[in-house]
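Take a look at the structure set out below.
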Amino acid sequence: MKRDMQVIMKAPAKVNFTLEVLGRRPDGYHDIISVMQALELADDVKITLTGEGENSIEVFCDSPDVPDGPGNVAYRAARALLEEAGGSSRVSPAPTRGITIEITKRIPVAAGLGGGSSDAAAVLKGLNILLGGAVPEERLRETGAKIGADVPFFLSWPLALAEGIGERLKPLEPLGEMWLVLIKPAFGVSTAWVYSQLTLGLTNKSGDIKLSELGIFACGRAKSADAGQPARPADASAVASRLKNDLERVTVLRYSEIDVLKRRLTEAGALGALMSGSGPTVFGVFRTEAEAKRAAEGLKDTGCRLIVTRTIPSWPAPVL
Ligand code: ATP
Numbered sequence: 227m228k229r230d231m232q233v234i235m236k237a238p239a240k241v242n243f244t245l246e247v248l249g250r251r252p253d254g255y256h257d258i259i260s261v262m263q264a265l266e267l268a269d270d271v272k273i274t275l276t277g278e279g280e281n282s283i284e285v286f287c288d289s290p291d292v293p294d295g296p297g298n299v300a301y302r303a304a305r306a307l308l309e310e311a312g313g314s315s316r317v318s319p320a321p322t323r324g325i326t327i328e329i330t331k332r333i334p335v336a337a338g339l340g341g342g343s344s345d346a347a348a349v350l351k352g353l354n355i356l357l358g359g360a361v362p363e364e365r366l367r368e369t370g371a372k373i374g375a376d377v378p379f380f381l382s383w384p385l386a387l388a389e390g391i392g393e394r395l396k397p398l399e400p401l402g403e404m405w406l407v408l409i410k411p412a413f414g415v416s417t418a419w420v421y422s423q424l425t426l427g428l429t430n431k432s433g434d435i436k437l438s439e440l441g442i443f444a445c446g447r448a449k450s451a452d453a454g455q456p457a458r459p460a461d462a463s464a465v466a467s468r469l470k471n472d473l474e475r476v477t478v479l480r481y482s483e484i485d486v487l488k489r490r491l492t493e494a495g496a497l498g499a500l501m502s503g504s505g506p507t508v509f510g511v512f513r514t515e516a517e518a519k520r521a522a523e524g525l526k527d528t529g530c531r532l533i534v535t536r537t538i539p540s541w542p543a544p545v546l
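The letter at position 93 of the sequence shown is residue 319 when you use the numbering used here, and the numbering goes up by one with no holes.
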């Protein structure tokens, strides 16, 4: 009997520091421009490849809000990767194999933090490692885009500019480390619902992004006051001043609690606060861990789930 092979992937959450909706496309999707940042908060995705089973895929998740089996986006990712690997000339015809995926959920579900998309990306990356890199990186991203608009981000850079429906990505200069307090209200929000509520009145922009409009995100580094000094990475206050999310107004119309939570965060010392993605999670930006923890402590009375985390400059390494 062949030995099992295993890899444990960290699947990080994301926030959108900016999210602009440019308009609706004929296929029903929306064109966006978004600065996306990966976080230390992450699910664990354990992938085991056994020598037995005819390309059978099993998915288990410890969260009651997330389905096991074919309903899980990780299942679709594994199926898609097997199909890509099978069609690739870099591997011999697909051997019989069984795949078991076990997800330990830490990222709040249906929260605007990209949890499902990140799990899917972790499966694409991890399974591809176990299959000896059968699928080249650019094919991996194309495969990811078919699974979900946020998946390609998790296969790109931890700080990236996303365009198109989120599948066109450019790396951005790393920012200085910053701490975030995430507040997740008890309800979840469907991304499809939020986009369906967008009206042209709310999104009347068009055309390509001008890099100059990205401000600190385009150059990433603030010029030092002293000539000759190396530029320092843009910090939490610079980022806080650029926060912007077109979807926020839509979600706030239905859930006014979002505005209350933003205000509570700034009153608790956040340099800026914003809803992430389609929400409902709201995040506050802080310079230090101590400031973030103090704020989170003072927000316990909201009854919401509170998470203190930080931005990451590189993707966590797979554990084999
Ligand atoms: P995004 O920010 O990309 O829009 P989200 O954070 O709003 O994503 P998810 O947490 O990805 O939303 O979950 C959306 C839905 O997908 C939930 O209803 C959940 O049951 C389902 N789902 C399927 N597989 C997963 C998974 N592995 N992790 C999370 N949700 C999953």
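Note that CB positions come from ideal geometry on N, CA and C, so glycine has one too.
Pick from 234, 478, 495: whose alpha carbon is nearest that of residue 462?
-> The residue given as residue 462 occupies position 236 in the sequence shown. Checked all of 234, 478, 495; the closest Cα to residue 462 is 495.
May I have the straight-line CA-CA distance separating residue 385 from residue 373, to the nearest angstrom?
-> Reading the sequence shown from its first residue, position 159 is the one you call residue 385. Reading the sequence shown from its first residue, position 147 is the one you call residue 373. Computed Cα separation, rounded: 21 Å.
Would you check if there are 3 or more beta carbon pairs closer than 8 Å linking the region 275-289 to the region 534-544?
-> no
Apply the 10 Å Cβ neighbour rule to residue 488 and answer buried if 16 or more other Cβ atoms are within range, or exposed otherwise.
-> The sequence position of residue 488 within the sequence shown is 262, counting from 1. Per the 10 Å Cβ criterion, buried.
What is the DSSP secondary structure of residue 527, counted as helix, strand or coil?
-> Counted from its first residue, the sequence shown places residue 527 at position 301. Residue 527 falls in the helix class under three-state DSSP.
Are three or more beta carbon pairs between the region 259-268 and the region 411-420 nearer than 8 Å?
-> no
Close-in-space but distant-in-sequence residues of the same chain around residue 232 (CB under 6 Å, 5 per side omitted) = As a first step, residue 232 is located in the sequence shown; it is residue number 6 there, counting from the start. For residue 232, where only same-chain residues beyond five positions count, the Cβ hits under 6 Å are 274.
Check the DSSP bridge columns for residue 541 and list the partner residues they point to.
-> As a first step, residue 541 must be located in the sequence shown, where it is residue number 315. Bridge partners of residue 541: none, in fact.
What are the start and end residues of the beta strand (DSSP E) that includes residue 298?
-> Here residue 298 corresponds to residue number 72 of the sequence shown, with the count starting at 1. No beta strand (DSSP E) contains residue 298, which DSSP labels as neither H nor E.
Sort out for me which residues DSSP pairs residue 244 with in a bridge.
-> On the sequence shown, residue 244 is found 18 positions in, with the first residue counted as 1. For residue 244, which the question treats as bridged, DSSP gives the partners 261, 470.
Secondary structure of residue 269, DSSP reduced to three states | Mapped onto the sequence shown, residue 269 falls at position 43. Note: residue 269 maps to strand in three-state DSSP.
Using only the heavy atoms of the ligand ATP, determine whether one of them is closer than 7 Å to the beta carbon of residue 254.
-> Working through the sequence shown from its first residue, we reach residue 254 at position 28. Flag unset: Cβ of residue 254 not near the ligand ATP.
Short Cβ contact (8 Å threshold) for residue 360 with residue 311 = Numbered from its first residue, the sequence shown carries residue 360 at position 134. Numbered from its first residue, the sequence shown carries residue 311 at position 85. Yes, they are a contact pair.
Nearest to residue 424 by alpha carbon, out of 351, 249, 234?
-> Residue mapping note: residue 424 aligns to position 198 of the sequence shown, counting from 1. Among 351, 249, 234, the Cα nearest to that of residue 424 is on 249.
Cβ-heavy atom distance between residue 298 and the ligand ATP below 7 Å?
-> Residue mapping note: residue 298 aligns to position 72 of the sequence shown, counting from 1. Yes, the beta carbon of residue 298 sits closer than 7 Å to at least one heavy atom of the ligand ATP.
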